[in-house]
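Residue numbers (this note's numbering): 4 to 116.
In this text, a Cβ means the ideal position worked out from N, Cα and C, and glycines have one as well.
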């Protein structure tokens with residue numbers, strides 16, 4: 004036997020479907036951003052390793068760098084630090100978004116009951 008849905012339930016059904024579609028879209032966006040963050044973290048890790056290798060090589064050669072090379076090297080290090088900070092901000096934003104999404108899903112479940 005089918006349960007009879009109240010008039011209010013019939014009114015909410017399309018809204019709940021739309022909310023579920025929006026949540027699915029938000030989940031997809033969160034996944035995409037998470038993948039991009041992971042890719043950026045991997046690229047930064049590779050840059051850090053290359054930086055260490057280059058620093059070790061320069062120390063090994065002990066021939067010193069020109070002023071221009073030092074400025075360029077420092078510039079790359081500063082860009083790396085800025086990128087790392089940007090990734091950290093994105094991670095915090097994603098964490099907040101995921102918490103809000105969980106809260107919204109919980110509230111939707113309450114509405115559905």
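Take residue 19 and list the residues in its own chain whose beta-carbon comes closer than 8 angstroms to its own, dropping the five residues that flank it on each side.
If we look at residue 19 and ignore the five residues flanking it on each side, its Cβ neighbours are 111, 114 and 115.
Quick check on DSSP: helix, strand or coil for residue 115?
Note: residue 115 maps to helix in three-state DSSP.
Do residue 37 and residue 97 count as a contact pair if the criterion is CB distance below 9 angstroms?
Yes, Cβ-Cβ distance for residue 97 and residue 37 is below 9 angstroms.
Just to confirm my understanding: we take residue 29, look at its own chain, exclude 5 residues before and 5 after, and list those with CB closer than 7 angstroms. What are they?
Closer than 7 angstroms at the Cβ level, and outside the excluded window around residue 29, lie 104.
According to DSSP, is residue 4 part of a helix, a strand, or is it coil?
Caution is warranted here: a pLDDT of 43 is assigned to residue 4, below 50, making its placement in the model unreliable, and no coordinate value can be reported.
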